[in-house]
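**Student:**
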Amino acid sequence: MNNSPKVSIILTSYNHSKYLREAIDSVLCQTFNNYELIIWDDASTDDSWQIIQSYTDLRIRAFKNPQRMFGGNVNRALEITQAEYIAIHHSDD
């Protein structure tokens, strides 16, 4: 039996604390539940990482770059996805 999620939702973020909670909540409130939410923070200097860490939902996998990478975060997340389908969601969408 395959326990992998059906969909990997990749949410990238950099200094979007103003929008981040709404972006995460919009994913968590979906009626479809067979997903993982991969959040990739690009070394934000605001309180984005604290907001991300405040969530305890087991479907969330959160990562933070140790220094600003200026892109490539979607590709990094794609390397660790476990699902059949991919959805991209940015923190300021």
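Using the working numbering, the letters of the sequence shown map in sequence onto residues 21 to 113.
Beta carbons: idealized from backbone N, C-alpha and C, even for Gly.
If you pair each beta-carbon of the region 71 to 79 with each one of the region 88 to 96, do three or more pairs fall below 8 Å?
**Tutor:** Counting Cβ pairs under 8 Å, fewer than three are found: no touch.
**Student:** Between which two residues does the alpha helix (DSSP H) harbouring Leu40 extend?
**Tutor:** Start and end: 37 to 48.
**Student:** Spatial neighbours of Asp67 within its chain, please: C-beta separation below 7 Å, excluding the five flanking residues on both sides.
**Tutor:** The residues are Ser37.
**Student:** If you draw a straight line from the C-alpha of Gln50 to the C-alpha of Asp61, how long is it?
**Tutor:** Roughly 22 Å between the two C-alpha positions.
**Student:** In the DSSP assignment, find the beta strand (DSSP E) that holds Ala107 and state where it starts and stops.
**Tutor:** Residues 105 to 110.
**Student:** Can you look up Ser33 in the DSSP assignment and give me helix, strand or coil?
**Tutor:** It is a strand residue.
**Student:** How many angstroms separate the CA atom of Ile29 from the CA atom of Asn35?
**Tutor:** When rounded, the distance between both Cα atoms is 19 Å.
**Student:** By Cβ distance, which residues of its chain are closer than 8 Å to Ser24, with the 5 residues on each side in sequence left out?
**Tutor:** Cβ neighbours of Ser24 beyond the five flanking positions: Gln102, Ala103, Glu104.
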